[in-house]
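For the record, the sequence lines run as chains A and B. Residue 103 in the working numbering sits at position 103 of the first sequence; the count goes up by one each step and never skips. Residue 240 in the working numbering sits at position 108 of the second sequence; the count goes up by one each step and never skips. Heads up, the beta-carbon is just placed ideally off N, CA and C, and yes, glycines get one too.
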Amino acid sequence: MGYRVCLALFAAFWLTIGFGMIDLASGLAAGSTDGNDVLSTGVLSAAYGAIAAIVLPAGFLSQLRAASRRVAALQQVVAATFAFALAGVLALDPLSFISVATLAVMLAILWRLSPERPPMWRPRVASIRCSR
Amino acid sequence: MAPARGKHPLFALTAMTAVPWLIYGLEMAANGRAGLPPDEQAGRPQAGGWAGAVALAPLVVLLGLLAATKTRGWRTPALSAAAASFVFGLVSILNPDAPGSAGAIWGALAIGWSVIFTATAVHEPAGDQ
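Structure below.
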């Protein structure tokens, strides 16, 4: 129950407080440049919005159906975390690391609460066979 | 559009799009390091501005590769990559001269790729979803 609530809350976080919907909408609003293209943030906002409003919520919400069978969805969130970290390093943008830290905390909470930890989280125990 | 065919169509489609995305990402990163306008939006504690565009570039490629590995639930990253590419392409077409825009032609190509990738993902056997 707590796991599902967290998934929903995390998805809602990125859509709202995480500026997902507003950035996506501002990018899609045609004519948002007001004739001053140099200062327009439309495309850049939409690029971030695509991550915060599509990729991250999709990753969290698809876990709601069957956590153990949707491991790729959480791997998707891990990939987004890595992408933000890479962006922080390449663009020298310290704010990206706040996104990285936020996602890391969310993943840690989900790992803690996960009712049936998907194989991604569970180390495989190799079966050792003796040939004696 | 017809779905791509072959032994590993999702991987092939991802490989096809990787180079343009990575070149785009490096270019956006250079713009960010140079501090070109528009500046980062004030009062937001998340990544944004140039860094958001830098993050999107490798993420689309990573999601495509993740889908190609056919891990359980692979359709989520497949459709997410396609949707993100579609949105980026659409916004680039709507704002061809804005900072971060790939322009109308590359925007159209991004949309075309997302449509083919979606069609291919939908036609692939779901496996253990």
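How many Å lie between Ala162(B) and Val186(B) at the Cα? 10 Å
Taking the alpha-carbon positions, what's the Gly59(A) to Val77(A) distance? 6 Å
Pair within 8 Å by beta-carbon distance, Phe220(B) and Leu188(B): yes
Taking the C-alpha atoms as reference points, what is the distance between Ala126(A) and Phe82(A)? Low confidence applies to Ala126(A): its pLDDT is 47, below 50, so where it sits in the model is not reliable, and the reading given next is rough at best. So the two alpha carbons sit approximately 28 Å from each other.
Taking Cβ-Cβ distances below 8 Å as the criterion, which residues of the region 42-64 of chain A are in contact with chain B? Gly42, Val43, Leu44, Ser45, Ala46, Ala47, Tyr48, Gly49, Ala50, Ile51, Ala52, Ile54, Val55, Ala58, Gly59, Ser62
Can you check which of these residues, Gly196(B), Met160(B), Ile237(B), is closest to Ala47(A) by C-alpha distance? Met160(B)
Are the beta-carbon atoms belonging to Leu198(B) and Ala66(A) less than 8 Å from one another? no
Assigned exposure category for Ile225(B) - 16 Cβ within 10 Å defines buried: buried
Any chance the region 231-249 of chain B sits against the region 142-158 of chain B, with 3 or more Cβ pairs inside 8 Å? yes
For Leu191(B) versus Ile22(A), is the C-beta distance shorter than 8 Å? no
Cβ of Val193(B) within 8 Å of Cβ of Leu154(B)? yes
Distance between Gly239(B) and Gly196(B) (C-alpha atoms, nearest Å): 18 Å
Interface positions of the region 79-102 of chain A facing chain B (Cβ-Cβ less than 8 Å), listed along the chain: Ala79, Ala80, Phe82, Ala83, Phe84, Leu86, Ala87, Gly88, Leu90, Ala91, Leu92, Asp93, Leu95, Ser96, Ile98, Ser99, Thr102
Leu168(B) versus Ala87(A) - alpha carbon distance: 16 Å
Given a cut-off of 8 Å, decide if Ala11(A) and Gly205(B) are closer than it, judged by their beta-carbon atoms. no
Going by Cα to Cα distance, which pick from Ala91(A), Leu110(A), Leu24(A), Gln63(A) is closest to Ala53(A)? Leu24(A)
Does the beta carbon of Val247(B) come closer than 8 Å to any beta carbon on chain A? no
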